[in-house]
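Mapped onto our numbering, the consecutive letters of the sequence shown carry residue numbers 177 to 442.
Using N, Cα and C, we set each Cβ at its ideal position, and we do this for glycine too.
Since this is a predicted model, take the numbers as computed values, not measurements.
Accompanying notes for the structure given below.
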Amino acid sequence: MGRTVIKFGGALITEKESRKVFRPGTILALAPILSEMANSGMDLIIVHGAGSFGHIDAKSGDLSKGRIPGREDEQRRAREMVMESMNELNKSIVSILEGEGINCRCHPPREWANGTGPEFEGDIGRFEEKGCVHVTFGDVVDVPGGREFGILSGDHLMERLSTELPEVDMVVFLLDGIDGLYDKDPRMKGSRMIPVWTSSTPYETSINELTDVTGGMALKVEVASRISKSVPLVTFVNGLDPGNLHNLLIGEDFVGTRFKRAKSDE
Ligand code: IP8
């Protein structure tokens, strides 16, 4: 069995609009499946988003812009708050996973990563150790130069881990209650799930500037598309459908969006 990298989207694991409200039920439902996979030899890496434990406070302190002269104290407080909240969220997730018999090893990015975006610096080799499920998350990190700090998205961690670790053969983005990527807002009448996505597939998405400081669905699609150049199976599936995730992980038919390279990209 090769390596699988899974992202728990922030909207799946928290109430996105209400500051620091964790949704334990979603992880409780997924944990037995992940435990079964990890304990039958699958090398698993979990990346989780921040949801309302990170985006709301990061937004009010404008942390993604880096140091803003005149707002240093306010930004320092916001950074400390986001780091503390992310520790809390990570602890809540890991304690559920460990309760299902998963041996977790956590890698808070502030301790090993520097810079934001897909080119951040940091030793990814630490995720290669066998015998445990590695867990990391979107975080506030130091940034070289005058910016001093910024927000490293879990989606950019997904990209680097999926494309640089050896033998990654499956990448899964778990979404909140939708079966995959839709051609337009899934709440709109007539919207359709896209079963196979290539770079020429049209779709529309919007970003909620109030609750998202990284890139929302558009960033996920961009990252998934780049990962699909080197990983055979890259998917978006419903994080609220554990049975479907199980099918995907054991190689059976599943419902979701599969990212493929367009012929013109080859
Ligand atoms: O939710 C953002 O990570 P993402 C991290 O994976 C923070 O984009 C702290 C807002």
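Counting along the chain, the unbroken alpha helix (DSSP H) around Leu333 starts and ends at Gly330 to Glu340. Within its own chain, no residue has a Cβ closer than 6 angstroms to the Cβ of Met364 once the five positions on either side in sequence are excluded.
In this model, Glu295 and Leu395 are separated by some 15 angstroms (Cα to Cα).
Non-local C-beta neighbours of Ser268 in its own chain, meaning closer than 6 angstroms and more than five positions away in sequence, comprise Phe198, ordered along the chain. Counting along the chain, the unbroken beta strand (DSSP E) around Ile182 starts and ends at Arg179 to Phe184. A residue is called buried once 16 or more other Cβ atoms fall within 10 Å of its Cβ, and Ile354 is buried on that count. Note: Phe296 is not bridge-paired with any residue in the DSSP secondary-structure output. If the five residues before and after Gly227 are omitted, its C-beta is found closer than 7 angstroms to the C-beta atoms of Gly186, Ala187, Ile189, Thr190 and Lys192, all from its own chain and listed in chain order. Note on Glu335: 16 or more other CB atoms within 10 angstroms of its CB, so buried under the neighbour-count rule. Here DSSP, grouped into helix, strand and coil, assigns Ile354 to coil. Within its own chain, the residues whose Cβ lies closer than 6 angstroms to the Cβ of Leu425, once the five positions on either side in sequence are excluded, are Met213, listed in chain order.
Residue pairing by DSSP places Val389 opposite no residue, since no beta bridge is assigned to it. Within the region 214-242, the runs of alpha helix (DSSP H) that reach at least 4 residues and sit entirely inside it are, in chain order, 231-236. For Gly314, the closest of Asn279, Pro342, Val181 and Val223 by C-alpha to C-alpha distance is Val223. Counting only residues of its own chain and dropping the five nearest sequence neighbours on each side, Ile300 has a CB closer than 8 angstroms to the CB of Arg336, Leu337, Glu340 and Leu341.
The residue from Tyr379, Pro320 and Gly275 with its alpha-carbon nearest to that of Leu206 is Gly275.
Judged by beta-carbon spacing, Gly356 lies within the 7 angstroms limit of Thr433, meaning their Cβ atoms are closer than that value. Here Ser216 is exposed: its Cβ has fewer than 16 other Cβ atoms, across all protein chains shown, within 10 Å. Thr374 carries a coil assignment under DSSP once its states are collapsed to helix, strand and coil. The Cβ neighbour count for Val309, taken over all protein chains shown within 10 Å, is at least 16; the residue is labelled buried. Comparing alpha carbon positions, the residue from Asn263, Pro378 and Arg243 closest to Gly230 is Asn263. Distances from the CB of Ser268 to the heavy atoms of the ligand IP8 are all 6 angstroms or more. Here Arg247 carries a coil assignment [DSSP, helix/strand/coil]. Gly419 sits exposed, since fewer than 16 C-beta atoms from the chains shown fall within 10 Å of its C-beta. Taking the CA atoms as reference points, Gly326 sits about 19 angstroms from Asn266.
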